[in-house]
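Take a look at the structure below.
There are 2 protein chains.
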Amino acid sequence: MKAFSLLMAEKDFHSITTAEIARTAQVTEGLIYKYFKDKKELLYQVLNDHFFEFQTHIENRIANEKACVEKLKVIIFSSLESYAANRIFSKILLLEVRNSLDFFESGAYEMVREYARTILDIIEKGIETGELKSETDPHILRKVILGAIEHACLGEIIFGRQLDIDEVSTGISNIVFNGAKR
Amino acid sequence: MKAFSLLMAEKDFHSITTAEIARTAQVTEGLIYKYFKDKKELLYQVLNDHFFEFQTHIENRIANEKACVEKLKVIIFSSLESYAANRIFSKILLLEVRNSLDFFESGAYEMVREYARTILDIIEKGIETGELKSETDPHILRKVILGAIEHACLGEIIFGRQLDIDEVSTGISNIVFNGAKR
DNA sequence: ATTGTGAGTAAGTGTTACTTACCTTATTCG
DNA sequence: CGAATAAGGTAAGTAACACTTACTCACAAT
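Set out below in structure tokens:
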């Protein structure tokens, strides 16, 4: 998994060969298949590990806030931060695993759903308490937030550019909460 | 290309074999390589064709609107509509091509950039005329809009669910322009 | 009549993910 | 203790796949 992560920093999943993974890990190809069903499972395992850290980190941060809008702001900031701090994880999550249907039956995807569920809960509570407009569709607000976060990261991941987390994070929050129209 | 599109509706790029493409098109495998450098170029060509239609369709629609906010609303609606109407194209654009760096040097990507450029221009004009808040960062607003659109389509593309374009479209516009905070 | 070109094919080839059968070193437990 | 069993590891395959090569045929232009 360490060897695979290392290679993942350089190239995409498909162009990493099992021979290469084995060579990097200083074992034989056959051994990979003693621990992983196939190459994809290795990918999912790496994702799983990274995602676990991501998840716990964010949940700790949310707990510190009480207002719904603040919680969502923390989610936006922390997500961007985590994506930026962990390019390999981001690349796997945003580019690689999605085009294989069996990912959506994996444990890693279960964690993604939990993360999404958390966001939805916060939004729904915000509407209840009156912090958010009652005409806001919770599912769509979540789509906008998640979409904005992911899109913001994509360019930086693909082209390896730097990302100003503070700027992007407050920018997204501003638009999503206050609107762009005068 | 027709055969490939057909197969693309059923499965992902990687699980489509050249043998299968040839069989569907009723030619031999070798012939594919008379017209396309490799399997990826075939993919990019299919995308290119679809994207051209997409682009012209949207540009015609924008031309009818004068207000910046209305133009952006049309972009959001038309993009969702085009994605929904053309699942294969969407799947290729949002899931397949992105994980290969050479896509970003293709002609198809040039079109994506043009589309993105159009959106940025509208936003910048909107800020100039005072329709949009002057503190709005044009690049970030574009990220939010594009991210929301793509994220909204992803679930529907991956799981083949139906998408209520009107609802999602007005939902996104509402949040992006008026904000979710009371 | 000859030459060149575009459409098409059959039969390869190298690479790649994955398998099999086997070996060696720990660990468990009667 | 010692035998059985499991865990860690390997070398040498195999089938499938993307892509290549060397060839044929039709037919238009010079």
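Top to bottom, those sequences are chains P and A. Just so you know, we're using my numbering here: the first sequence kicks off at 6 and counts up by one. Just so you know, we're using my numbering here: the second sequence kicks off at 6 and counts up by one. Positions of the beta carbon are idealized from the N, C-alpha and C atoms, including for glycine.
- Going by DSSP, what residues sit across from P:Leu-137 in a beta bridge? Answer is A:Lys-186, bridged to P:Leu-137.
- Query: Quick one: what does DSSP say P:Asp-171 is sitting in, helix, strand or coil?
  - Reply: Residue state, collapsed to three classes: helix.
- Query: Got a sec, what are the start and stop residues for the alpha helix (DSSP H) A:Leu-146 sits in?
  - Reply: That run of the alpha helix (DSSP H) goes 143-164.
- Query: Checking contacts by CB at 9 angstroms: is P:Glu-129 closer than that to chain A?
  - Reply: Between P:Glu-129 and chain A, the shortest Cβ-Cβ separation is not below 9 angstroms.
- Message: Using only the alpha-carbon positions, how far apart do A:Arg-122 and P:Val-32 sit?
- Response: One alpha carbon belongs to A:Arg-122, the other to P:Val-32, and they sit about 49 angstroms apart.
- Item | Test: P:Asp-43 CB closer than 9 angstroms to a CB of chain A | By this cut-off, P:Asp-43 is not an interface position.
- Task: Please report the Cβ distance between A:Met-116 and A:Phe-56, rounded to the nearest whole angstrom; I am assuming they are in contact, meaning their Cβ atoms lie under 8 angstroms.
- Result: Contact flag correct, Cβ pair sits at about 5 angstroms.
- Which of helix, strand or coil DSSP assigns to A:Ile-21: A:Ile-21: coil per DSSP, three-state reduction.
- What is the DSSP secondary structure of P:Ala-14, counted as helix, strand or coil? Here P:Ala-14 carries a coil assignment [DSSP, helix/strand/coil].
- Beta-carbon contacts of A:Ile-97 that lie in its chain and below 6 angstroms, excluding the five residues immediately before and after: So the list reads Leu-52, once near-sequence residues are dropped.
- Could one say the Cβ of P:Phe-82 lies closer than 9 angstroms to chain A's Cβ atoms, at least one of them? No - not a single Cβ of chain A is within 9 angstroms of the one on P:Phe-82.
- Message: Suppose only complete runs of 4+ residues qualify. What are the alpha helix (DSSP H) ranges in the stretch 99-134 of chain A, listed by chain order?
- Response: You should have 112-134.
- Could you give the residue range of the alpha helix (DSSP H) that holds A:Asp-54? 44-68 is the extent of the alpha helix (DSSP H) around A:Asp-54.
- Message: Quick check: the Cα distance between P:Cys-158 and P:Leu-48, rounded to an integer number of angstroms?
- Response: Using only the alpha carbons, I get a separation of about 20 angstroms.
- Just mark A:Lys-78 as buried or exposed, buried being the case when its beta carbon has 16 or more other beta carbons within 10 Å. Buried, since its Cβ has 16 or more Cβ neighbours within 10 Å.
- Residues of chain P with a CB under 8 angstroms from the CB of A:Ile-180: which are they? From the beta-carbon of A:Ile-180, the residues of chain P found nearer than 8 angstroms are Thr-141, Ile-145, Leu-146, Val-149, Val-181, Gly-184.
- Query: Which residues in the same chain have their Cβ closer than 6 angstroms to the Cβ of P:Glu-153, if we skip the five residues on either side of it in sequence?
  - Reply: The identity of residue 153 of chain P in the sequence shown is Ala, whereas the question assumes Glu. Beyond the five residues adjoining it in sequence on each side, P:Ala-153 comes within less than 6 angstroms, by CB distance, of Ile-177 in the same chain, given in chain order.
- Rank A:Val-173, A:Asn-179, A:Lys-186, A:Ser-174 by C-alpha distance to the C-alpha of P:Asn-179 and give the top, closest one. If we check each option's Cα against that of P:Asn-179, A:Lys-186 comes out closest.
- Query: Around the C-beta of P:Tyr-38, are 16 or more other C-beta atoms found within 10 angstroms, so that it is buried, or is it exposed?
  - Reply: Only exposed fits P:Tyr-38, as fewer than 16 other CB atoms lie within 10 angstroms of its CB.
- Item | Closest by C-alpha distance to P:Phe-182, when choosing among A:Gly-165, A:Thr-141, A:Ile-170, A:Leu-168 | The alpha carbon of P:Phe-182 has as its nearest neighbour, out of A:Gly-165, A:Thr-141, A:Ile-170, A:Leu-168, the alpha carbon of A:Thr-141.
- Item | Inter-residue spacing [alpha-carbon to alpha-carbon] between P:His-62 and P:Val-74 | For P:His-62 and P:Val-74, the distance between alpha carbons rounds to 19 angstroms.
- So, using beta-carbon positions, are P:Leu-36 and P:Ala-24 closer together than 9 angstroms? No, the Cβ-Cβ distance between P:Leu-36 and P:Ala-24 is not below 9 angstroms.
- Task: Compute the beta-carbon to beta-carbon distance between A:Ala-14 and A:Arg-92, rounded to the nearest angstrom, for a pair I have assumed lies under 8 angstroms.
- Result: Between A:Arg-92 and A:Ala-14 the Cβ distance is about 7 angstroms, and since that is below 8 angstroms, they are a contact.
- CB contact below 9 angstroms: P:Phe-109 versus chain A: By this cut-off, P:Phe-109 is an interface position.
- Task: Check whether the Cβ of A:Phe-18 lies closer than 9 angstroms to any Cβ atom in chain P.
- Result: Yes, A:Phe-18 lies at the interface with chain P (some Cβ there is under 9 angstroms from its Cβ).
- Message: Give me the residue from A:Phe-164, A:Leu-168, A:Tyr-120, A:Glu-129 with the minimum Cα distance to A:Ala-89.
- Response: Nearest of A:Phe-164, A:Leu-168, A:Tyr-120, A:Glu-129 to A:Ala-89, Cα basis: A:Leu-168.
- With a cut-off of 8 angstroms on the beta carbons, I'd call A:Ile-124 and A:Ile-170 a contact; round off their distance for me. That belief does not hold up - the Cβ atoms of A:Ile-124 and A:Ile-170 are roughly 18 angstroms apart, past 8 angstroms.
- Comparing the C-beta of P:Leu-106 with each C-beta of chain A, is any distance below 9 angstroms? With 9 angstroms as the cut-off, P:Leu-106 counts as an interface residue toward chain A.
- Message: For P:Ile-145, tell me which candidate among A:Ser-139, A:Gly-160, A:Pro-143 has the shortest Cα-Cα distance.
- Response: Of A:Ser-139, A:Gly-160, A:Pro-143, the residue nearest in Cα terms is A:Gly-160.
- Straight-line Cα distance separating P:Lys-76 from P:Ile-127: Taking the straight line from one Cα to the other gives about 8 angstroms.
- Exposure of A:Ser-1, with buried meaning 16 or more beta-carbon neighbours within 10 Å: The shown model of chain A, from 6 to 187, leaves out residue 1 of chain A, and the question about it has no answer.
- Message: So A:Ala-24 contacts chain P; which residues on that side make the cut at Cβ distance below 9 angstroms?
- Response: Going along chain P, no residue has its Cβ under 9 angstroms from A:Ala-24, so there is no contact; the nearest lies around 19 angstroms.
- Using a Cβ cut-off of 9 angstroms, pull out every chain A residue sitting near P:Arg-118, in sequence order please. For P:Arg-118, no chain A residue has a C-beta closer than 9 angstroms to its own C-beta; the minimum C-beta separation is roughly 11 angstroms.
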